[in-house]
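Take a look at the structure below.
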Amino acid sequence: MPSGGASTPTLAVRNVEVVYGSAIHVLRGVSLEVQPGGIVALLGANGAGKTTLLRTVSGLLRFHRGSITKGSVEFQGDGIDSLDAAAIVRRGMAQVMEGRRIFAELSVDENLRAGAYSRRDRAGVKASSEQVLELFPVLAQRRRSTAGYLSGGEQQMLAMGRAMMAAPKLLVLDEPSLGLAPLIVQQIRDLIVEINRTGTDVLLVEQNATMALSIAHHGYVLENGLIAKDGPGPALLADSDIQEFYLGVGESGSRSFRDLKTYRRRKRWSA
Amino acid sequence: MTKFLSLLGDGLALGAVYALVALGFVVIYRATRVINFAQGGLVVFGAFLVYQGEHTWGLGFWVSVVFAMACCAAIGAAFEALVLRRMIGQPIFAIILITIGLFLLVEPVTTTVWHNPPGGIATPWKLHTVKLGDVRLLQVNIATVVLGAVVLGAFFLLFRYTRVGLAMRATAVDQEAALAQGISVRQIFALSWAIAGAVAVVGGMMLAGGAGPAPGLSVSLSLIALRAFPAIILGGLDSPGGAVIGGLVIGVAQVMTGGYVPAEVPALGAQFADVVPYVIMFLVLLVRPYGLFGTAEVERV
Ligand SMILES: Nc1ncnc2c1ncn2[C@@H]1O[C@H](COP(=O)(O)OP(=O)(O)O)[C@@H](O)[C@H]1O
Ligand SMILES: [Mg+2]
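Listed in order, the protein sequences are those of chains A and B. The opening position of the first sequence corresponds to residue 1 in our numbering, with each subsequent residue numbered one higher. The opening position of the second sequence corresponds to residue 272 in our numbering, with each subsequent residue numbered one higher.
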């Protein structure tokens, strides 16, 4: 529930329960907030329900036959859980999906234009386009290339640039560092900070906890559809459980993040 | 040479009709992954609606054509919205069967509503011919090629250069990612069906007006339309450009065979031309299962 601050949170997820079909309960009462100006990290092992939570806020749940059975989602103070994805984008939430999901057969330019689909103000779109090309110079160099031929890092930048073309109030990113070289991950991290600095709030789902917590004002740990832990970014970064579980520090006799198997898998990924 | 050129004219006209019908198939397939067997039905229905406008209501030819295009676009979009949308998540063959069902409905409905109209569609071209040198060409065939080029060109401009065209292409690549950009995939589905309906009318109207191996205005137009199917197999199910090229190739091949084979190779018989589209289709399927211009991984879906 509202933690301090008098201002309306940009995003407020309250006690949300989500099922796929009618049987698979994935979120079992999740609450989370993104405050204006904030970067919020959402951590969790594979299968914890992170992507499901993002679908819940972005209106893509229905595409997967999922539904919210309890709780509510508010964006800038308005309930959005009954809105479709297009309406939510128009209200100012853009998302970078897991796996980048650029339109591989379209050009870089066309991908960016698709990102601005929800907008009608030509002047505004042009301004966004200039900002995006400035923020991502690689895209400026390759505007006419077919997006599928870009490298993994470039595709991730394209996915981020495409989302920024919507001039969002809130940018939601699902594992942007996945499968990228450390140097590129650094770049992505800096870009997220820059995007946030220029007035876009960020909800960042990551497996790379070091990267995410190093820039997050607040972090949440999702475990089996429940928030197992939350706190300010630096505090979580220093937390011994998190260190042990996500950062590969310490022994495998994990205390609160059970399941050794998951732990080992986790360790392999962060390596 | 004269015979060749005159056959080429006929073949291109028939090919333009195939191209229009094939484009309808492809547009729907790209957006929804449904192979719409009702496309031939829309061709027939469109032709009869033009007749309705002209003869029953006394509207002019062009007004009737626009009226029929609007009706078939609406029918296509409504069918998608009211029937197919409920079928999302059902096995694809069930959806295809429904389109076949719609196709089978067209014949009884048109016969009940219009019986067997004595006249055909009165086009501005009637059955006049023009002479280019020694070659005598039917005006209606020339008109078909020109009109086909205009309609297909308009489609490609829309597809390449407009916001909604971009949304159609994005949706074809990745529906969920399109949704995430704020594209209404439902609208794109409905629009695709509407476009297929509208272009089918142009094809049907030209056939009924005497282009190609004209049976006049009759429900058997749908059988001609079905030959657009080999055209999309040739061009690739998901390639609008392939649909056009496939349509022209099939049309010309069919007419050429009809023009030369009975005299040169009597053993094959006069009906061989009707089979040629399917022969080409099988040959292409053997060599390139995804068509000449299709995407190799199309079958993945
Ligand atoms: N479309 C879907 N239908 C049914 N179950 C799903 C679907 N998507 C995800 N799940 C299930 O929901 C759980 C959480 O998945 P997900 O939200 O993708 O987790 P994460 O992003 O944290 O890896 C997993 O057990 C997964 O199998
Ligand atoms: Mg995920």
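C-beta atoms are modelled at their ideal positions from N, C-alpha and C, and glycine is treated no differently.
For residue i, the first and last residue of its enclosing alpha helix (DSSP H)
i                 : result
Pro-69 (chain A)  : The question names Pro, but residue 69 (chain A) in the sequence shown is Thr. Taken as a continuous stretch (DSSP letters only), Thr-69 (chain A) belongs to no alpha helix (DSSP H), being part of the beta strand (DSSP E) at 66–75.
Val-305 (chain B) : Careful: Val-305 (chain B) lies outside any alpha helix (DSSP H) and carries neither H nor E.
Asp-190 (chain A) : 182–197
Ile-392 (chain B) : Segment: none, Ile-392 (chain B) is in no alpha helix (DSSP H) and carries neither H nor E.
Glu-351 (chain B) : 332–353
Asp-545 (chain B) : 543–558
Pro-511 (chain B) : 511–535
Phe-364 (chain B) : 363–385
Ser-214 (chain A) : 209–215
Pro-501 (chain B) : 499–506
Beta strand (DSSP E) segment containing residue i, residue limits
i                 : result
Arg-28 (chain A)  : 24–34
Gly-219 (chain A) : 218–223
Val-19 (chain A)  : 11–20
Ala-94 (chain A)  : 93–96
Asp-230 (chain A) : 226–232
Leu-53 (chain A)  : Segment 50–58 is the alpha helix (DSSP H) holding Leu-53 (chain A); no beta strand (DSSP E) there.
Glu-206 (chain A) : 201–206
Leu-42 (chain A)  : 39–43
Closer than 8 Å to chain E by CB, residue i
i                 : result
Ile-504 (chain B) : No chain E appears in the structure shown, which is made up of the protein chains A and B.
Burial state of residue i (16 or more Cβ within 10 Å)
i                 : result
Val-18 (chain A)  : buried
Arg-294 (chain A) : It is not possible to answer for residue 294 (chain A), since the shown part of chain A is limited to 1 through 271.
Ala-365 (chain B) : exposed
Tyr-220 (chain A) : buried
Asp-230 (chain A) : buried
Met-1 (chain A)   : Low local confidence applies: a pLDDT of 42 at Met-1 (chain A) is under 50, so the model's placement there is unreliable, and no value is given.
Asp-190 (chain A) : exposed
Lys-50 (chain A)  : buried
Met-272 (chain B) : exposed
Asn-196 (chain A) : buried
His-218 (chain A) : buried
Arg-122 (chain A) : exposed
Ile-80 (chain A)  : buried
Asp-239 (chain A) : buried
Leu-139 (chain A) : buried
Trp-333 (chain B) : exposed
Glu-223 (chain A) : buried
Val-281 (chain B) : This sequence places Asp at residue 281 (chain B); Val is not what is there. Its Cβ being crowded by 16 or more others within 10 Å, Asp-281 (chain B) is buried.
Leu-158 (chain A) : buried
Pro-511 (chain B) : buried
Phe-275 (chain B) : exposed
Ile-521 (chain B) : buried
Pro-548 (chain B) : buried
Ala-12 (chain A)  : buried
Ser-277 (chain B) : buried
Asn-46 (chain A)  : exposed
Cβ-based neighbour list, residue i, same chain, cut-off 8 Å, excluding 5 preceding and 5 following
i                 : result
Trp-385 (chain B) : Phe-319, Tyr-322 and Gln-323
Glu-130 (chain A) : none
Ile-504 (chain B) : Gly-517, Met-552, Val-555, Leu-556 and Gly-562
Phe-296 (chain B) : Ile-306, Asn-307, Gln-310, Ala-467, Ala-499, Phe-500, Ile-503, Leu-508 and Ala-514
Val-26 (chain A)  : Val-18, Val-19, Tyr-20, Gly-49, Thr-52, Gly-66 and Gly-225
Sequence-distant residues of its chain with Cβ nearer than 7 Å to residue i (five each side left out)
i                 : result
Val-315 (chain B) : Val-377, Thr-381, Gly-475, Val-490, Leu-492 and Ser-493
Ile-454 (chain B) : Ala-438, Ala-441 and Thr-442
Ala-163 (chain A) : Ala-94, Gln-95, Val-96, Gly-115 and Leu-171
Ser-177 (chain A) : Val-185, Ile-188, Glu-206, Asn-208 and Met-211
Leu-450 (chain B) : Val-456
Val-532 (chain B) : Leu-539, Phe-543 and Ala-544
Same chain, Cβ closer than 6 Å to residue i, neighbours up to 5 away in sequence not counted
i                 : result
Gly-66 (chain A)  : Val-18 and Tyr-20
Ala-287 (chain B) : Thr-415, Val-416 and Gly-419
Gly-347 (chain B) : Trp-464, Ala-465, Ala-467 and Gly-468
Gly-518 (chain B) : Gly-286, Tyr-289, Ala-290, Ala-293 and Ala-502
Arg-143 (chain A) : Val-108 and Asp-109
Ile-242 (chain A) : Leu-236
Gly-250 (chain A) : Below a pLDDT of 50, predicted positions are generally treated as unreliable, and Gly-250 (chain A), at 45, falls in that range; no measurement from the model is reported.
Gly-487 (chain B) : Gly-391
Asp-201 (chain A) : Thr-10, Val-34, Gly-38 and Leu-170
Discussion item. Please give me, in chain order, every unbroken run of the alpha helix (DSSP H) with length at least 4 that falls completely inside the segment 101–179 of chain A.
Written reply: 108–115, 122–135, 137–141 and 152–164
Practice prompt. Entirely within the segment 446–470 of chain B and at least 3 residues each: give me those beta strand (DSSP E) ranges in chain order.
Written response: none
Worksheet item: Unbroken alpha helix (DSSP H) runs of length 4 or more, entirely within the segment 395–452 of chain B: which are they?
Response: 410–432, 434–444 and 446–451
Practice prompt. Name all residues in chain order for which at least one heavy atom of ligand 1 lies closer than 6 Å to the residue's CB.
Written response: A:Tyr-20, A:Ile-24, A:Val-26, A:Gly-44, A:Asn-46, A:Gly-47, A:Ala-48, A:Gly-49, A:Lys-50, A:Thr-51, A:Thr-52 and A:His-64
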